[in-house]
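Q: Counted from 1, the sequence shown has number 10 at position 10 by the UniProt record's numbering; the numbering is strictly sequential.
We treat Cβ as the ideally placed atom computed from N, Cα and C, and that holds for glycine.
Keep in mind it's a predicted model, so treat the numbers as computed, not measured.
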Amino acid sequence: MKIQILAVGKLKESYLRMGVEDYLQRISTYAKVEVKEIAEEKTAEPLNEAEIRRVTNREGERILRQLSPDTYTIALVIQGVALSSETLANHLEQLATYGKSRIAFIIGGSYGLSEQVRQRADYSLSFSKMTFPHQLMRLILLEQLYRSFKINRGETYHK
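Listed below in structure tokens is the structure:
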């Protein structure tokens, strides 16, 4: 399985970079995972609705250029389906079983994802109704991917 994480913005905090590197190393025994940082639009706050659409559309264009047609795409959005860790693990296992070996998770920027990216997604996943910083979301996603592989292999992992 090849997993791509397309994340808008750069990780600035060293503790987040260290956590991401740790989980990428842990996951490497189960799957190939690549994190691609998508350039975040530069803005001057505050933005009105039209400016927010412009920002997300530009970021969305950069995201969509990274996706191949055969990639199963999972958008991380608050409005998505909330899954337990076990259900996410099962979902990933089902994708692999049915030949979806290329998977991309998409993490938007400060203003979320464009309508075009949300429409391109094969699945919309929510980690919570709460809002998380998009940089932190990268680490949370990697932890859940690692947990999914451990669950699917029947290996123990902390609860």
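What did DSSP end up calling residue 51 once you bin it into helix, strand or coil?
A: Sequence index remark: in the sequence shown, residue 51 carries index 51 (1-based). Three-state DSSP puts residue 51 in a helix.
Q: So what's residue 4 in DSSP terms, helix, strand or just coil?
A: Within the sequence shown, numbered from 1, the residue matching residue 4 stands at position 4. The answer is strand: DSSP assigns residue 4 an E or B state.
Q: Determine the extent of the beta strand (DSSP E) in which residue 102 is found, giving its start and end residues.
A: What you label residue 102 is simply residue 102 of the sequence shown in a count that begins at 1. Run containing residue 102: 102-107, per the beta strand (DSSP E) assignment.
Q: Run through DSSP, which three-state label would residue 73 get?
A: What you label residue 73 is simply residue 73 of the sequence shown in a count that begins at 1. Three-state result, residue 73: strand.
Q: Mind checking residue 14: buried by the 16 CB within 10 Å criterion, or exposed?
A: In the sequence shown, counting from the first residue as 1, residue 14 sits at position 14. Classification for residue 14: exposed.
Q: For residue 45, which three-state DSSP category applies?
A: Taking the sequence shown and counting its residues from 1, one reaches residue 45 at position 45. Residue 45: coil per DSSP, three-state reduction.
Q: Between residue 160 and residue 117, which are expected to be in contact by the criterion C-beta below 8 angstroms, what is the C-beta distance as a whole number of angstroms?
A: Shown here, the chain extends from 1 to 159; a query on residue 160 therefore has no answer.
Q: Roughly how many angstroms lie between the CA atoms of residue 72 and residue 87, to the nearest whole one?
A: Residue mapping note: residue 72 aligns to position 72 of the sequence shown, counting from 1. Residue mapping note: residue 87 aligns to position 87 of the sequence shown, counting from 1. So the two alpha carbons sit approximately 17 angstroms from each other.
Q: Does the distance between the C-beta of residue 146 and the nearest non-hydrogen atom of the ligand FMN fall short of 8 angstroms?
A: Inclusion of the ligand FMN in the displayed structure is not the case, the ligand content being empty and no account of it being possible.
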